[in-house]
Structures are given as C-alpha cells and as structure tokens.
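> Heads up, the sequence shown is in the UniProt record's numbering, so the first residue is 1 and it goes up one at a time. By construction, the Cβ of each residue, glycine as well, lies at the ideal position given by its N, Cα and C atoms. Sending over a structure as structure tokens; questions will come in a sec.
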Amino acid sequence: MSNVIISNIQRKHASPNTVYHALYGHYFLGISRKDLALIYGKALSTICKWISKYEEHGYFTRKQRDQVYKKFGSVMRQWVIDLYRKEPVLFLEEAKHKFQLHFHQTISVSSIWVILHEAGFSWKSIERRAIQIRDDEIIRFVKELLSIQWDLYNLVFLDEVAFDNRDMLRNKGYGVVGQKIIYRGEFCRKPRVSFLCFLGLNGIVESFWTEGTFNRTKFFDCCRKFALTNPHVQQYPGFHSVWIMDGAKIHCDPNIIRYLRSIGIIPIFLPPYCPFFNPIEVVFGLMKQFLRKHHHENSPILRDVCGTVDRFKTFSTKHIFEHCGYFGGGVFLPEKGLGQDPKDMDFNIMPY
Numbered sequence: 001m002s003n004v005i006i007s008n009i010q011r012k013h014a015s016p017n018t019v020y021h022a023l024y025g026h027y028f029l030g031i032s033r034k035d036l037a038l039i040y041g042k043a044l045s046t047i048c049k050w051i052s053k054y055e056e057h058g059y060f061t062r063k064q065r066d067q068v069y070k071k072f073g074s075v076m077r078q079w080v081i082d083l084y085r086k087e088p089v090l091f092l093e094e095a096k097h098k099f100q101l102h103f104h105q106t107i108s109v110s111s112i113w114v115i116l117h118e119a120g121f122s123w124k125s126i127e128r129r130a131i132q133i134r135d136d137e138i139i140r141f142v143k144e145l146l147s148i149q150w151d152l153y154n155l156v157f158l159d160e161v162a163f164d165n166r167d168m169l170r171n172k173g174y175g176v177v178g179q180k181i182i183y184r185g186e187f188c189r190k191p192r193v194s195f196l197c198f199l200g201l202n203g204i205v206e207s208f209w210t211e212g213t214f215n216r217t218k219f220f221d222c223c224r225k226f227a228l229t230n231p232h233v234q235q236y237p238g239f240h241s242v243w244i245m246d247g248a249k250i251h252c253d254p255n256i257i258r259y260l261r262s263i264g265i266i267p268i269f270l271p272p273y274c275p276f277f278n279p280i281e282v283v284f285g286l287m288k289q290f291l292r293k294h295h296h297e298n299s300p301i302l303r304d305v306c307g308t309v310d311r312f313k314t315f316s317t318k319h320i321f322e323h324c325g326y327f328g329g330g331v332f333l334p335e336k337g338l339g340q341d342p343k344d345m346d347f348n349i350m351p352y
C-alpha cells in the first residue's frame with residue numbers, strides 16, 4: 001500500500017486544489033516552505049515554484065495554459081469562445097477544423113479545451129426545446145394566471161405518466177477500463193401501466209392507474225372523483241382549486257372544461273411544448289430515478305410503482321415550483337422556467 005501512495009505522490013503532478021491547500025498553509029498558517037515540502041512529499045524547489053507562480057500571476061496555472069496563451073492570442077481565443085456561444089453542440093474536433101479553416105493555423109483539441117475551460121465553459125447536457133414554442137402562447141398563459149388571485153396552495157398540476165419494466169433497467173455500472181460490461185439476464189416485457197397524478201405543494205395529492213393508457217372517459221372519471229371525493233380539494237379560491245395541465249387532446253374536451261368550472265375548479269392550460277413550466281414533469285423524473293434504484297428486474301412493476309407514488313405524497317415541491325417559475329403570493333416568472341434573462345427575450349412577458 002505504501003508503494004502505491006508514494007508513486008501517486010512523487011510521480012504525478014499535484015492538482016490545483018492541492019496546490020491551493022499548500023498556499024493556504026504558507027500564507028494563512030505560516031508553514032515554512034521546507035515543512036510544506038515534507039508534508040506534501042514534494043521537492044523544496046517545487047514548493048518554491050508554486051509560491052512564485054502565485055506571487056507573479058495572483059493565481060496558480062499549469063504550463064499547458066501558458067503555452068496555449070502564448071501561441072494563440074486574445075483574438076484567436078475570443079474567436080473560439082464566440083464560436084461555442086453560437087454553436088454550443090460542436091465537438092472539439094469540429095471546432096478545431098473550423099479554427100484551422102478560419103486562421104490557417106493548426107491547433108490541437110487539447111488547446112481548444114484549455115481555452116474553453118479557462119473561459120468558464122464545461123461539457124453540459126442539452127435541454128432540447130421545440131421550435132414550435134410560440135411567444136403568444138406563453139403570454140396567454142401569463143395573462144390567465146394574472147387574471148385570478150392565487151397562491152401556491154391553490155395550484156394542482158396534473159398529467160399522465162406511463163411505466164413499464166424498460167424504465168426500471170439500469171444502464172450503467174462500474175467495470176474495468178477498456179472492457180465492456182456484459183450483464184446477462186432474462187428480459188420479459190411486462191404490461192404497461194399508466195398513472196394520472198395530481199401534484200400539489202406538499203407532494204402528490206392523488207393518483208389513479210390503469211393498464212395501457214388513459215382515454216377521455218377514464219380521464220374524466222378520475223378528475224370527477226378527485227374533485228368531488230378528495231377532502232383536500234375545495235372550490236376556488238380554496239385549496240387545490242386551480243388545475244394546470246398540458247394541452248393533450250383528452251384534457252381539452254369542452255365538456256370536461258365546462259364541468260370543472262361548474263364545480264368551482266379553474267382549469268388553465270400550459271403553453272404547447274413547454275414542459276419546463278410543469279413541475280410534475282420533474283417529479284416524474286425523480287420517481288423513475290427512484291424506481292431504477294429499488295426495483296428488482298423482471299418482477300411485477302405495479303407494486304413498486306404504487307409504493308413510489310405513495311412515497312412522493314409527502315414530498316415538498318416548493319423548490320420545484322420555484323424552479324419552474326411559480327412563487328408565493330401569486331407571482332409567476334416565466335424567465336425562471338425558460339432559464340433566460342427577461343432582457344434577452346424578444347417579447348414582453350407582462351401584459352399591458
């Protein structure tokens with residue numbers, strides 16, 4: 001074991017975090033350079049270089065960054081940064097090719113990575129949004145919310161979600177570098193189960209399930225049962241009296257809308273292609289993540305799904321509501337759900 005420790009300490013570069021720990025010991029704790037060399041297992045000259053680099057630049061940098069900045073001037077570096085602001089999905093090899101065509105100068109993939117890293121860029125997952133998102137639909141949704149008085153306790157978000165055993169399969173695991181992980185098991189496709197869930201401020205208020213998918217009749221029966229028999233549902237302006245849902249065909253039936261309004265429920269429809277305004281979509285993702293951890297493969301799924309739904313009946317969703325733009329006191333900020341600064345939007349989100 002000691003050989004492994006020594007080889008990792010003496011034969012590998014210290015990470016920037018380790019260097020800053022050493023600098024903290026020197027400047028804030030008064031530890032001498034000689035003692036730091038002993039503590040970190042480095043040569044005294046190495047410790048001196050760390051300190052001199054910090055005193056010269058005000059921060060610690062590796063030689064690679066210095067080489068990149070020396071070879072590629074500020075104009076070239078800014079061009080790379082601007083390129084990724086316009087086309088964030090480019091692979092590094094594609095950016096390298098574009099750079100060489102533009103400047104007629106070679107550049108390595110690692111150099112592009114260094115430029116992006118120093119500019120604060122990182123490799124992120126993409127949130128894809130439909131081009132069919134319409135500004136006027138978002139404004140319509142904001143106007144409808146502003147036309148009534150509401151608070152977080154009034155809101156209910158409802159939607160359907162389907163589960164089958166493919167959702168429960170784990171698709172990642174640990175293995176030896178350079179070798180595939182082959183996991184053999186019997187694959188038996190189980191019947192698909194759909195749930196209609198009603199989400200409030202303190203978690204899932206009610207849920208209904210069916211084999212296959214919900215049709216208009218089943219959807220209406222569940223909504224009527226929830227509205228009339230659940231003690232947590234009151235007429236507007238009471239608790240759970242403002243129902244927000246997407247524009248699925250079975251949701252938009254005029255007869256269903258008229259019925260809900262007749263019993264004191266206010267239905268409001270989300271803008272098309274805007275799941276980021278719907279907190280229940282986030283909760284569905286958390287439920288499936290939980291199921292992947294706890295479901296035993298090839299066992300019946302209904303019991304596990306029902307247990308997971310029950311688990312989320314006592315789950316505070318205030319932070320999820322706020323993430324989607326819904327705040328206490330009847331405040332809705334669409335820029336929160338959109339993830340944009342209001343100044344960058346090309347439409348006025350507040351009606352006149």
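Since PHE219 and ILE250 are thought to touch, with beta carbons under 8 Å apart, how far apart are those beta carbons, to the nearest angstrom?
Indeed, because the Cβ distance is near 5 Å, the residues count as touching under 8 Å.
> Under a Cβ-count criterion, where at least 16 other Cβ atoms within 10 Å of its own Cβ denotes burial, should ARG258 be classed as buried or exposed?
It is exposed - the Cβ of ARG258 has fewer than 16 other Cβ atoms within 10 Å.
> Pull up the CB-CB distance for ILE301 and ASN165, whole angstroms please, since I reckon it's below 8 Å.
Contact flag correct, Cβ pair sits at about 6 Å.
> Taking only the alpha-carbon atoms, compute the straight-line gap between GLU87 and LYS98 and give it to the nearest angstrom.
Distance between the alpha carbons of GLU87 and LYS98: 12 Å.
> Pick out whichever of ILE268, LYS288 and GLU118 has its Cα sitting closest to the Cα of SER147.
Comparing Cα positions, the closest option is ILE268.
> Assuming MET168 contacts GLU297 (C-beta within less than 8 Å), just tell me the rounded distance between them.
Contact holds; Cβ gap of about 7 Å.
> Does the beta-carbon distance from ILE115 to LYS96 come in below 7 Å?
No, the Cβ-Cβ distance between ILE115 and LYS96 is not below 7 Å.
> Measuring CB to CB, does ASN278 end up less than 7 Å from PHE163?
Not closer than 7 Å, so no.
> Is HIS13 buried or exposed, if buried means 16 or more other CB atoms sit within 10 Å of its CB?
Under this definition HIS13 is an exposed residue.
> May I ask you to report which of helix, strand or coil DSSP gives LEU333?
Looking at LEU333 - three-state DSSP - the assignment turns out to be coil, as it is neither helix nor strand.
> Can you give the Cα-Cα distance for PRO334 and ARG292, rounded to whole angstroms?
So the two alpha carbons sit approximately 32 Å from each other.
> Please classify GLU109 as buried or exposed, where buried requires at least 16 neighbouring CB atoms within 10 angstroms.
Per the sequence shown, residue 109 should be read as Val rather than Glu. Exposed, since its Cβ has fewer than 16 Cβ neighbours within 10 Å.
> Taking 6 Å as the limit between beta carbons, can you name the residues of its chain near PHE315, skipping five residues before and five after?
Hits under 6 Å: GLY203.
> Enumerate, from N- to C-terminal direction, the unbroken beta strand (DSSP E) stretches of 3 or more residues contained entirely within the segment 223-292.
Qualifying beta strand (DSSP E) stretches, in chain order: 242-245 and 266-269.
> For a minimum of 4 consecutive residues, which ranges assigned as the alpha helix (DSSP H) are wholly contained in the segment 9-79?
Counting only runs of 4 or more, we get 16-27, 33-40, 44-57 and 63-71.
> Who are PHE157's beta bridge partners in DSSP?
Answer is LEU199 and ILE244.
> Which residues share a DSSP beta bridge with SER207?
Note: SER207 sits in a beta bridge opposite CYS197.
> Is ALA95 helix, strand or coil when you go by DSSP?
Looking at ALA95 - three-state DSSP - the assignment turns out to be helix.
> Any idea which residues DSSP pairs TYR326 with across the strands?
Answer is PHE332, bridged to TYR326.
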